[in-house]
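First comes the structure, then the notes that go with it.
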Amino acid sequence: MAFRWKNRLTDNDVTDEAVYLNRRQLMGAAAAGLGLAAAGNRAAAAEDLEPNSWEDITEYNNFYEFGTDKGDPKRYAHALTIDPWSVKIDGMVDNPGDYAFEDIMKAMTIEERLYRFRCVEAWSMVIPWNGFELADMLNMAGVQSGARYVRFETLYRPEEMHGQKATWIDWPYIEGLRLDEAMHPLTIMATGIYGRDIPKQNGAPLRLVVPWKYGFKSIKSIVRITLTDEQPVNTWQQLQPREYGFYSNVNPEVDHPRWTQATERVIGGGLFSPRIPTLMFNGYEEEVASMYAGMDLTKFY
Amino acid sequence: MDRPLDQHKTSQQVKPSWRDTVNGFARRVPTWPVYILYMLPVPWLLWQAQTGGLGREPIQALEHELGEIALQLMIFSLVITPVRRHAGINLLKFRRMFGLLAFIYVTLHLLVWLVLDVGILSQIWNDILKRPYITIGMLGFVLMIPLAVTSNNWSVRRLGPAWRKLHRLTYAAVLLGGLHFIMVQKVWEAEPLIYMGAILLLLSLRLPLKRRKPTA
Chain C
1 MAFRWKNRLT
11 DNDVTDEAVY
21 LNRRQLMGAA
31 AAGLGLAAAG
41 NRAAAAEDLE
51 PNSWEDITEY
61 NNFYEFGTDK
71 GDPKRYAHAL
81 TIDPWSVKID
91 GMVDNPGDYA
101 FEDIMKAMTI
111 EERLYRFRCV
121 EAWSMVIPWN
131 GFELADMLNM
141 AGVQSGARYV
151 RFETLYRPEE
161 MHGQKATWID
171 WPYIEGLRLD
181 EAMHPLTIMA
191 TGIYGRDIPK
201 QNGAPLRLVV
211 PWKYGFKSIK
221 SIVRITLTDE
231 QPVNTWQQLQ
241 PREYGFYSNV
251 NPEVDHPRWT
261 QATERVIGGG
271 LFSPRIPTLM
281 FNGYEEEVAS
291 MYAGMDLTKF
301 Y
Chain B
1001 MDRPLDQHKT
1011 SQQVKPSWRD
1021 TVNGFARRVP
1031 TWPVYILYML
1041 PVPWLLWQAQ
1051 TGGLGREPIQ
1061 ALEHELGEIA
1071 LQLMIFSLVI
1081 TPVRRHAGIN
1091 LLKFRRMFGL
1101 LAFIYVTLHL
1111 LVWLVLDVGI
1121 LSQIWNDILK
1131 RPYITIGMLG
1141 FVLMIPLAVT
1151 SNNWSVRRLG
1161 PAWRKLHRLT
1171 YAAVLLGGLH
1181 FIMVQKVWEA
1191 EPLIYMGAIL
1201 LLLSLRLPLK
1211 RRKPTA
């Protein structure tokens, strides 16, 4: 079901020159946010957030399929073919099969979600995504009762994704969520940014966005979704289990072994951009904390 | 002009080797233009950072560029001695310059980290104590301070043989720098390993070769 979640982020600054795309879509979100702020919403009132520019969002990416430099995805992603595209949904579902991207789009309701995006490397952006709730897509496939986890897979096509020639990652890129996380109304499949089709460097044609988790959980250019009863081993956990876990919830109190997660730098502020405090669950504590009640978050990082 | 030709005969007959050419050139070139040349990347990088040339997150890019130049300069300063010993090329007058430039770049690298990157005093202190790669980097910087302070003729004369001993700290500092670079990366990456390889090679050339007595 679409529109299960309403935005609390505000867009109350004067018009940013960079925010020239699809202003109308943002206005809706801002109006909703301001309404909530007026109603006394603590989080919204305290915030002074505006979406990052199109350039910030599309020129500073981690997408190792195209290289490890932040500029590589923008530089090399044009080689990727995204049409035709289909997503294989398999495992513990009633209707397994290959779902063509157009058919998915026809079945889903696209909405705007203005989310914070926090990378495990301690930088962040605010991104106006367009997409649909993952729950809707999973329900389309019919999740069976024994399923407990969702496993995601990125496309493996080294002739178009030249970063995949590197051998230190066991391609394809894998991510996973617990089923309740996957069904949460905040969890979306993004197909656009600023009302435009999502650029290839950002994970076209469809990618996961889980706003309360570090960015690497939000797997890009998905070709396969598997419902399973086993906890998937995600790529970064496999590479560096001491540094990256399965949950990877944004948590200012649990540091990365090599840097603090208590603060983050907002991208786009230039040379004198200060660090800001990182929020528990990236500011979505109210919505998601209950899913982790009783869990030791220093152990399940 | 009117000197008798035969005085010049010997030197004209012996063609100067490429070594002599290089050494002669190095003798004639003063160090100050090289200092200026090597400081040009600083305003260039700052300008690039402000105008988007270093990408959407210029702080870390600037920090990394300065750190990498510093490490390169430290490696250059290590090249001078073996090149003289093994190839007969004397660039000794540039060794101090490379060392001091390395110190300047390490200092700038540190300043960018302190002021632009972190900027929060409690976090800086925590990072130095708790993050091994930062601890190691800081230690390397601290070791370079006495080296920079004594990089002048007066100190060389004053300290005498102790100066040479003191300046062996260079080896520790460059090793720490190379290690710091490796540890900053998320995973094993080729570039820092190449730097470390060069460092280890240059240091191994300094190991005293033990002469083995032929076994009877």
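Top line first, the protein sequences correspond to chains C and B. Just so you know, the working numbering puts 89 at position 89 of the first sequence, and the rest follows in order with no gaps. Take any residue in the second sequence, note its place counting from 1, add 1000, and you have its number in the working numbering. Using N, Cα and C, we set each Cβ at its ideal position, and we do this for glycine too.
### Query
Who are the neighbours of residue 168 of chain C on chain B, taking C-beta pairs under 8 Å?
1187, 1188
### Message
Tell me the residue span of the alpha helix (DSSP H) that contains residue 166 of chain C.
### Response
Where residue 166 of chain C is concerned, there is no enclosing alpha helix (DSSP H), given that its DSSP letter is neither H nor E.
### Query
Over what stretch of residues does the beta strand (DSSP E) that includes residue 90 of chain C continue unbroken?
86–91
### Query
When you check each C-beta in the stretch 259–280 of chain C against every C-beta of chain B, which residues fall closer than 8 Å?
259, 260, 262, 263, 265, 267, 268, 270, 271, 272, 273, 274, 275
### Query
Using the C-alpha atoms, what's the distance from residue 82 of chain C back to residue 67 of chain C?
19 Å
### Query
With a CB to CB cut of under 6 Å and the five nearest residues on each side skipped, what residues in its chain are close to residue 119 of chain C?
215
### Query
Any chance the CB of residue 217 of chain C is under 6 Å from a heavy atom of the ligand GTP?
This structure lacks the ligand GTP, and indeed carries no ligand of any kind.
### Message
With a threshold of 8 Å on Cβ separation, who are the neighbours of residue 95 of chain C within its own chain once the five nearest residues in sequence on each side are excluded?
### Response
89, 140, 141, 142
### Task
With DSSP collapsed to three states, give me the class of residue 187 of chain C.
coil
### Query
From what residue to what residue does the beta strand (DSSP E) around residue 230 of chain C run?
Per DSSP, residue 230 of chain C belongs to no beta strand (DSSP E) and is neither H nor E.
#### Entry: residue 1207 of chain B, DSSP secondary structure in three states
coil
### Task
Assess, as a yes-or-no matter, whether the stretch 124–135 of chain C is touched by the stretch 96–116 of chain C under the definition of 3 or more beta carbon pairs within less than 8 Å.
yes
### Task
Could you spell out where the beta strand (DSSP E) holding residue 1023 of chain B opens and where it closes?
Residue 1023 of chain B -> not in any beta strand (DSSP E); alpha helix (DSSP H) instead, spanning 1018–1028.
### Message
Per the DSSP calculation, residue 124 of chain C is bridged to which residue(s)?
### Response
C:118, C:266
#### Entry: Cβ-based neighbour list, residue 1184 of chain B, same chain, cut-off 6 Å, excluding 5 preceding and 5 following
1133
#### Entry: DSSP-derived helix/strand/coil call for residue 277 of chain C
strand
### Task
Sort C:84, C:111, C:211 by Cα distance to residue 3 of chain C and report the nearest one.
C:111
### Task
Note the first and the last residue of the continuous beta strand (DSSP E) segment covering residue 242 of chain C.
Careful: residue 242 of chain C lies outside any beta strand (DSSP E) and carries neither H nor E.
### Message
Distance check for residue 1149 of chain B and residue 1169 of chain B, CA to CA, integer angstroms please.
### Response
13 Å
### Query
Can you pull the DSSP bridge partners for residue 82 of chain C?
According to DSSP, which records beta bridges pairwise, residue 82 of chain C is partnered with nothing at all.
#### Entry: Contact residues within the stretch 107–140 of chain C, judged by C-beta distance below 8 Å to chain B
123
### Query
Going along the chain, which residues of its own chain have a beta-carbon closer than 8 Å to the beta-carbon of residue 1139 of chain B, five neighbours each way excluded?
1176
### Query
Between which two residues does the beta strand (DSSP E) carrying residue 152 of chain C extend?
149–154
### Query
Between the stretch 189–221 of chain C and chain B, which residues of the former have a C-beta closer than 8 Å to a C-beta of the latter?
none
### Task
Identify the continuous beta strand (DSSP E) that holds residue 207 of chain C and give its terminal residues.
207–209
### Coarse secondary structure for residue 1014 of chain B, derived from DSSP in three states
coil
#### Entry: Straight-line gap, residue 1044 of chain B to residue 1106 of chain B (C-alpha atoms, nearest Å)
17 Å
### Task
Would you verify that the beta carbon of residue 1014 of chain B is, or is not, closer than 7 Å to some beta carbon of chain C?
no
### Task
For residue 196 of chain C, name the three-state secondary structure that DSSP assigns.
strand
### Query
List, in order along the chain, the chain C residues whose C-beta lies closer than 9 Å to that of residue 1123 of chain B?
260, 262, 263, 275
### Message
Just to check my reading of the structure: residue 198 of chain C and residue 1057 of chain B have Cβ atoms closer than 8 Å, yes? What is that Cβ distance to the nearest angstrom?
### Response
About 21 Å; that fails the 8 Å criterion.
### Task
Check whether the Cβ of residue 60 of chain C lies closer than 7 Å to any Cβ atom in chain B.
yes
### Message
Per DSSP, what are the beta-bridge partners of residue 129 of chain C in this structure?
### Response
C:113, C:193
### Query
According to DSSP, which residues form a beta bridge with residue 176 of chain C?
C:151
### Message
Could you check whether the Cβ of residue 72 of chain C sits closer than 7 Å to any Cβ belonging to chain B?
### Response
no
### Task
Tell me residue 259 of chain C's beta-bridge partners as DSSP assigns them.
C:256
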